[in-house]
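Participant: As they're listed, the protein sequences go chains A and B.
At position 309 of the first sequence the residue is numbered 309 (the UniProt record's numbering), and the sequence of numbers has no breaks.
At position 279 of the second sequence the residue is numbered 279 (the UniProt record's numbering), and the sequence of numbers has no breaks.
Next up is a structure, given as structure tokens.
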Amino acid sequence: MSTLTPVSRTPVSFYVPVVALAGALAGLLIGAAQGSSLLGIVAGALLMSGCAFAITQLIEAERSSRWGLTALLAVGGLVLGGLAAALIGAVFGWVFGWFIFWLFEGRYRAYVPLYLTPGQVLWHHSFRVICGAILVFLITPILVVMPLSFNAQDFFTFTPEMLRFDPAGYSLKHYEDFFTNSDWQGALANSVKIAPAATFLSVAFGTLAAIGLSQAHVPFRRAIMAILISPMIVPLIISAAGMYFFYSRIGLQGTYTGVVLAHAALGIPFVIITVTATLVGFDNSLTRAAANMGAGPVTTFFRVQMPLILPGVISGGLFAFITSFDEVVVVLFVGSAGQKTLPWQMFTGLREQISPTILAVATILVIISVALLTVVELLRRRSERLRGMSPG
Amino acid sequence: MTRASDPTGPMMAADGTPLKTSLNRALRRQKLRALALIAPLLIFILVTFIAPIADMLFRSVENQIVSDTLPRTTEQLAEWDGDSGEIPAPEVFKALYTDIFIAQERKLHTRLGSRLNYELTGVSSLFRKSGRRVEDMGEVYQDQFEDLNDFWKDAETWNALMGSDAWLAAQTKWDGKSDVPQPQFELREEIAGVLPQTAATFEIFADFVQNEDDDNLAKEDPWALVYSALYDDLIAEPDLSGYAGPGSAELLEAMAAASTFETVDYPAAFEKIDKDWHDIEVWQTIQTYSPDFTSGYFLNAVDMKKSPDGAEMRPENEQIYIKLFVRTLIMSLVITGSCILLGYPVAWLLANLPARTANLLMILVLLPFWTSLLVRTSAWKVMLQQQGVVNDTLVWLGLVADDSRLALINNQTGTIIAMTHILLPFMILPLYSVMKTIPPSYLRAAKSLGATNWTAFWRVYFPQSVPGIGAGSILVFILAIGYYITPELVGGTTGTFISNRIAYHISSSLNWGLAAALGAILLALVLGLYWAYDKIVGIDNVKLGG
Chain A
1 MSTLTPVSRT
11 PVSFYVPVVA
21 LAGALAGLLI
31 GAAQGSSLLG
41 IVAGALLMSG
51 CAFAITQLIE
61 AERSSRWGLT
71 ALLAVGGLVL
81 GGLAAALIGA
91 VFGWVFGWFI
101 FWLFEGRYRA
111 YVPLYLTPGQ
121 VLWHHSFRVI
131 CGAILVFLIT
141 PILVVMPLSF
151 NAQDFFTFTP
161 EMLRFDPAGY
171 SLKHYEDFFT
181 NSDWQGALAN
191 SVKIAPAATF
201 LSVAFGTLAA
211 IGLSQAHVPF
221 RRAIMAILIS
231 PMIVPLIISA
241 AGMYFFYSRI
251 GLQGTYTGVV
261 LAHAALGIPF
271 VIITVTATLV
281 GFDNSLTRAA
291 ANMGAGPVTT
301 FFRVQMPLIL
311 PGVISGGLFA
321 FITSFDEVVV
331 VLFVGSAGQK
341 TLPWQMFTGL
351 REQISPTILA
361 VATILVIISV
371 ALLTVVELLR
381 RRSERLRGMS
391 PG
Chain B
1 MTRASDPTGP
11 MMAADGTPLK
21 TSLNRALRRQ
31 KLRALALIAP
41 LLIFILVTFI
51 APIADMLFRS
61 VENQIVSDTL
71 PRTTEQLAEW
81 DGDSGEIPAP
91 EVFKALYTDI
101 FIAQERKLHT
111 RLGSRLNYEL
121 TGVSSLFRKS
131 GRRVEDMGEV
141 YQDQFEDLND
151 FWKDAETWNA
161 LMGSDAWLAA
171 QTKWDGKSDV
181 PQPQFELREE
191 IAGVLPQTAA
201 TFEIFADFVQ
211 NEDDDNLAKE
221 DPWALVYSAL
231 YDDLIAEPDL
241 SGYAGPGSAE
251 LLEAMAAAST
261 FETVDYPAAF
271 EKIDKDWHDI
281 EVWQTIQTYS
291 PDFTSGYFLN
301 AVDMKKSPDG
311 AEMRPENEQI
321 YIKLFVRTLI
331 MSLVITGSCI
341 LLGYPVAWLL
351 ANLPARTANL
361 LMILVLLPFW
371 TSLLVRTSAW
381 KVMLQQQGVV
391 NDTLVWLGLV
401 ADDSRLALIN
411 NQTGTIIAMT
421 HILLPFMILP
431 LYSVMKTIPP
441 SYLRAAKSLG
451 ATNWTAFWRV
461 YFPQSVPGIG
471 AGSILVFILA
481 IGYYITPELV
491 GGTTGTFISN
501 RIAYHISSSL
511 NWGLAAALGA
521 ILLALVLGLY
531 WAYDKIVGID
541 NVKLGG
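Here is the structure:
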């Protein structure tokens with residue numbers, strides 16, 4: 001994005017007090033942690049305003065002074081509080097270096113319209129800080145779980161060793177436990193057995209039905225759609241209760257078949273939604289052209305229609321897979337101890353004897369979901385390209 | 001083709017049929033093909049999903065257990081007037097004796113007791129106690145018959161008296177070990193005429209021994225209940241002259257002696273077991289729940305109960321469900337509200353940033369959306385603990401003293417924080433897709449016409465984003481009120497939802513009817529919201545992360 005406003009350097013009377021304010025805030029955090037907030041505020045404000053003045057007015061070389069500030073604060077941290085403090089100091093130094101020149105060079109105005117008042121510019125940037133905080137809130141739990149899973153202790157918080165980056169504070173023992181403990185391995189095996197079977201059922205039935213639903217003339221289309229989508233809408237606990245009652249009547253409660261059928265039902269709405277969305281852009285003259293050239297309905301389906309809607313089918317299948325792989329409420333009721341899945345094992349672990357192995361499992365699951373997310377995103381782009389909905 | 005171009009007749013298709021018919025047939029074929037494609041899935045969903053839901057709804061009104069377990073009592077009790085203030089007639093107690101005797105042999109009385117205990121506390125122990133001691137009543141007669149003649153002591157002589165000759169021969173031959181099934185008991189024809197009650201009771205006994213207990217009938221002494229029935233038959237002085245089968249002499253002797261027997265006063269005997277049997281309320285409860293279908297579970301689910309004068313509220317200290325429903329609704333509203341508050345700015349930012357940056361930030365929204373629910377819940381459980389990361393950070397910063405760490409988990413705060421985080425993507429995604437369609441030029445136009453930032457936002461931008469807020473809110477709200485896992489794990493006792501109560505009734509208290517009724521109410525609520533969602537957004541427009 002090109003700049004909207006020509007930038008010019010700002011006066012000392014503007015940026016030094018602002019940097020001092022930011023320095024005071026940072027000083028408050030560090031000071032509070034060390035036991036004296038007031039000292040922190042004063043020292044932070046003085047140190048930062050001094051640095052700001054020095055590197056902008058006396059040194060003036062941006063690149064070297066930013067690195068210099070980073071190094072300075074890192075060394076300061078190292079002297080005061082060891083390796084972890086050095087890292088924090090370096091981060092602070094880098095951020096402040098960037099912040100000082102951002103203000104000094106007037107870059108903060110570059111991407112906002114020329115006519116904004118200073119108050120509006122301030123709001124523009126505060127708004128982004130707020131949004132950033134919310135995004136951090138969204139991502140924090142995942143970011144916290146990952147490092148904690150390498151904890152050498154059986155604690156759920158960062159130990160002093162971990163904060164000092166002492167290698168003794170880290171270990172793979174929770175992962176080792178996951179891969180050797182028979183409870184966890186049994187649960188993993190069950191999950192791996194149930195989810196693909198359920199996914200296969202959902203995809204096979206769902207794709208056929210989605211093709212049927214996307215035809216021009218379907219009687220009771222709305223009613224049928226409502227029924228097919230209902231497993232996604234009905235609260236899981238109600239589905240679970242109903243299935244528990246009904247499946248125990250017909251002898252499916254506590255069997256693999258029961259769990260697979262239940263999970264397939266839960267995954268179907270996702271397949272229907274993604275595949276019908278793919279079929280919206282499907283050009284029906286292609287099937288007619290295929291028929292015209294002598295292809296039977298089966299050949300047409302597999303050689304013409306299927307390759308075009310395949311991305312939608314696969315991402316629907318991934319949704320169905322993740323639904324089954326993550327599902328715990330229904331399996332808790334429909335399954336018995338023999339069908340204990342990974343989420344079930346996590347659930348009991350969290351409710352009864354919480355063990356840090358859960359964090360290792362959680363990390364592995366996060367990595368799996370990142371991989372799946374990437375696949376779905378790539379497929380979506382490919383599908384749009386195939387259907388000519390987006391360039392490139 | 002010549003006929004098709006005839007201007008006077010109907011338009012014809014190539015094969016000579018009228019075009020209209022031909023088109024109709026093609027349309028019908030198309031419809032059938034579409035339905036044929038949908039049918040497998042529709043049947044699948046109907047069997048695996050809709051049928052269970054229907055079954056649950058049925059269970060919320062089903063109530064056959066009382067009339068199944070106490071068939072004679074409920075029949076007799078139908079004539080009793082619950083408002084009279086008097087305990088039922090002795091015949092009812094006698095029927096109760098028979099019913100409980102059979103029920104305790106089949107181990108069904110405790111189940112009935114716990115069923116009725118939902119309605120009236122204390123009934124469970126009443127039935128358990130009665131089941132243990134009901135045999136004493138029959139033994140009064142059993143002892144007297146056995147003292148009178150050793151003939152009455154033996155399984156062998158009883159079988160000879162009650163069973164047909166053919167069956168008796170088959171039963172004596174059966175060795176009890178081979179794979180041949182036990183010969184089914186067959187009643188001696190003459191005996192049913194002279195001793196109707198004894199015959200009926202003995203048949204129940206024989207059926208129970210042979211089919212439910214899988215024991216050898218030839219070796220089982222009859223229940224005390226059979227002796228009571230025999231006494232009742234003999235005291236009526238049946239005409240035994242026509243009977244000449246085995247035991248006819250003993251029967252005559254017993255009939256003569258029966259008038260001198262010590263008798264059992266059933267109402268008094270039951271009062272001796274537990275004086276609650278002379279409590280009108282117990283009988284009213286049994287009478288109220290005699291029918292096969294009941295609205296009792298639904299009344300229970302809204303803190304009401306059935307009484308002889310119709311439905312009434314339960315006493316203040318027993319009212320929990322309305323409170324729980326209200327709490328679920330309020331907490332879901334709070335969660336929806338915080339999702340709007342947090343989701344709106346982020347959606348706005350994503351919709352107004354250049355595509356490349358927006359896509360990058362979108363990953364931060366989609367990653368939690370794709371992460372396992374349990375992973376996120378466990379993360380919050382770990383972070384919000386007393387010794388968790390959040391409290392540790394606050395203590396480190398000096399914002400909270402070490403000895404007064406915040407209670408962030410196992411209460412409503414925990415549920416609200418964790419669920420807001422979990423449901424936030426469901427708010428951001430619909431908001432984003434709506435905001436993406438609002439042209440940014442509108443805001444600029446408003447501003448160039450002199451509107452302040454706030455006016456331009458509030459009068460121009462906000463109204464256009466309302467559909468997104470509506471869609472996101474209903475989605476989040478629907479998901480929130482039915483949530484089970486997260487409140488269960490981080491909600492403690494004060495932060496749980498109605499769904500946790502449903503799960504409790506299914507797996508712990510085993511009050512399935514109440515669980516089904518609570519579920520039905522929750523389902524109605526959700527379907528109402530779903531209908532509203534369909535009206536506002538359209539179910540076809542549900543999008544997943546794209």
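Where is the CB? At the ideal position from N, CA and C, for every residue including glycine.
Output needed in chain order: residues of the stretch 398–416 of chain B with a Cβ under 9 Å from some Cβ in chain A.
Facilitator: So the list reads G398 and L399, given in the order they occur along the chain.
Participant: Can you tell me the Cα-Cα spacing of I55(A) and L29(A), whole angstroms?
Facilitator: Rounded to whole angstroms, I55(A) to L29(A) spans 24 Å at the Cα level.
Participant: Y175(A) touches chain B at which residues, Cβ-Cβ below 9 Å?
Facilitator: Within 9 Å Cβ-Cβ: nothing; Y175(A) doesn't reach chain B, min ~15 Å.
Participant: Can we count E281(B) as close to the ligand COA, meaning its CB is less than 8 Å from some heavy atom?
Facilitator: In terms of ligand content, the structure shown is empty, and the ligand COA therefore cannot be addressed.
Participant: Within the stretch 469–521 of chain B, note down every full alpha helix (DSSP H) run reaching 4 residues or more, in order along the chain.
Facilitator: Here the runs fully enclosed are 485–490 and 498–507.
Participant: Closer than 7 Å, Cβ to any Cβ of chain A: which residues of the stretch 379–394 of chain B, in chain order?
Facilitator: Those would be A379, W380, K381, V382, M383, Q385, Q387, G388, V389 and D392, in chain order.
Participant: Could you say which of L57(B), M427(B) and L399(B) lies nearest to S338(B) if we only look at CA atoms?
Facilitator: Minimum Cα distance to S338(B) is reached at M427(B).
Participant: Which residues does DSSP list as the beta-bridge partners of E62(B)?
Facilitator: DSSP, once it has assigned bridges, lists F293(B) as partnering E62(B).
Participant: Quick check on the burial criterion: 16 or more other C-beta atoms within 10 angstroms. Buried or exposed for T374(B)?
Facilitator: Checking the sequence shown, residue 374(B) turns out to be Leu, not Thr. When all chains shown are included, L374(B) counts as buried.
Participant: Report the CB separation of L69(A) from G97(A) in whole angstroms; it is logged as a contact under 8 Å.
Facilitator: Between G97(A) and L69(A) the Cβ distance is about 4 Å, and since that is below 8 Å, they are a contact.
Participant: List the residues that DSSP assigns as beta-bridge partners of Y312(B).
Facilitator: For clarity, residue 312(B) is Glu in the given sequence; the question names Tyr instead. In DSSP, E312(B) forms a bridge with K305(B).
Participant: Taking C-alpha atoms, which residue in N151(A), L4(A) and I268(A) lies nearest to residue 547(B)?
Facilitator: It is not possible to answer for residue 547(B), since the shown part of chain B is limited to 1 through 546.
Participant: Closer than 7 Å between beta carbons: that is the criterion. Which residues of the stretch 422–449 of chain B meet it against chain A?
Facilitator: Against chain A - using a Cβ distance shorter than 7 Å - the residues of the stretch 422–449 of chain B are L424.
Participant: Do you know offhand how far Y289(B)'s Cα is from L126(B)'s?
Facilitator: So the alpha carbons of these two residues sit roughly 17 Å apart.
Participant: By alpha-carbon positions, which one of P430(B), L429(B) and F457(B) ends up nearest to P440(B)?
Facilitator: The shortest C-alpha separation from P440(B) is found at F457(B).
Participant: Under three-state DSSP, which class holds N151(A)?
Facilitator: Correct three-state label for N151(A): strand.
Participant: Using a beta-carbon distance below 9 Å, is D213(B) in contact with chain A?
Facilitator: Not an interface residue.
Participant: Residues of the stretch 452–466 of chain B in Cβ contact with chain A at a cutoff of 8 Å, in chain order, please.
Facilitator: Going along the stretch 452–466 of chain B in chain order, one finds N453 with a Cβ nearer than 8 Å to chain A.
Participant: Going by other Cβ atoms of all chains shown within 10 Å of its Cβ, with 16 needed for buried, is M137(B) buried or exposed?
Facilitator: When all chains shown are included, M137(B) counts as buried.
Participant: Assuming L35(B) contacts P219(A) under a Cβ cut-off of 8 Å, what Cβ separation, rounded to an integer in Å, is found between them?
Facilitator: The pair is a contact, with the Cβ atoms about 7 Å apart (cut-off 8 Å).
Participant: Rank Y256(A), A24(A) and R381(A) by C-alpha distance to the C-alpha of A198(A) and give the top, closest one.
Facilitator: The shortest Cα separation from A198(A) among Y256(A), A24(A) and R381(A) belongs to Y256(A).
Participant: For M11(B), which three-state DSSP category applies?
Facilitator: If DSSP states are grouped into helix, strand and coil, M11(B) belongs with coil.
Participant: Is any beta-carbon of chain B found at less than 9 Å from that of F101(A)?
Facilitator: No, its Cβ sits nowhere closer than 9 Å to a Cβ of chain B.
Participant: Along chain A, in chain order, which residues have C-beta atoms closer than 8 Å to that of P487(B)?
Facilitator: None at all; the shortest Cβ gap to chain A is about 10 Å.
Participant: At 4 residues or longer, and completely inside the stretch 419–448 of chain B: list those alpha helix (DSSP H) runs for me, N to C.
Facilitator: The qualifying runs are 440–448.
Participant: Closest to S37(A) by C-alpha separation, out of A445(B), L525(B), L399(B) and L518(B), would be which residue?
Facilitator: For the residues A445(B), L525(B), L399(B) and L518(B), the minimum Cα distance to S37(A) belongs to L399(B).
Participant: Taking C-alpha atoms, which residue in T486(B), L366(B), V395(B) and A401(B) lies nearest to T413(B)?
Facilitator: That would be T486(B), whose Cα lies nearest to the Cα of T413(B).
Participant: Got a sec: is the Cβ-Cβ distance from P345(B) to anything in chain A below 9 Å?
Facilitator: Chain A, which has a Cβ nearer than 9 Å to the Cβ of P345(B), makes this yes.
Participant: Which residues, taken in chain order from the stretch 123–134 of chain A, show a beta carbon closer than 8 Å to some beta carbon of chain B?
Facilitator: Listed in sequence order: W123, F127, R128, I130, C131 and I134.
Participant: To which residues does DSSP link P18(B) through a beta bridge?
Facilitator: Answer is M12(B).
Participant: Exposed or buried, P354(B), counting other C-beta atoms within 10 Å across all chains shown (16 or more means buried)?
Facilitator: By the neighbour-count rule (16 or more Cβ atoms within 10 Å), P354(B) is not buried but exposed.
Participant: Find the nearest neighbour of D175(B) within the set L240(B), L217(B) and A199(B), judged by alpha-carbon distance.
Facilitator: The candidate whose alpha carbon is nearest that of D175(B) is L217(B).
Participant: Closer than 8 Å is the cut-off here; do at least three beta carbon pairs connect the stretch 393–409 of chain B with the stretch 66–80 of chain A?
Facilitator: They do not touch, by the three-pair rule.
Participant: Q253(A) and S336(A) - do their beta-carbons sit closer together than 9 Å?
Facilitator: Contact: yes.
Participant: Need the endpoints of the alpha helix (DSSP H) that I237(A) sits in, please.
Facilitator: Residues L236 to R249.
Participant: Taking any Cβ of chain A, which residues in the stretch 169–197 of chain B have a Cβ under 9 Å from it, in chain order?
Facilitator: Of all residues in the stretch 169–197 of chain B, none has a Cβ within less than 9 Å of some Cβ in chain A.
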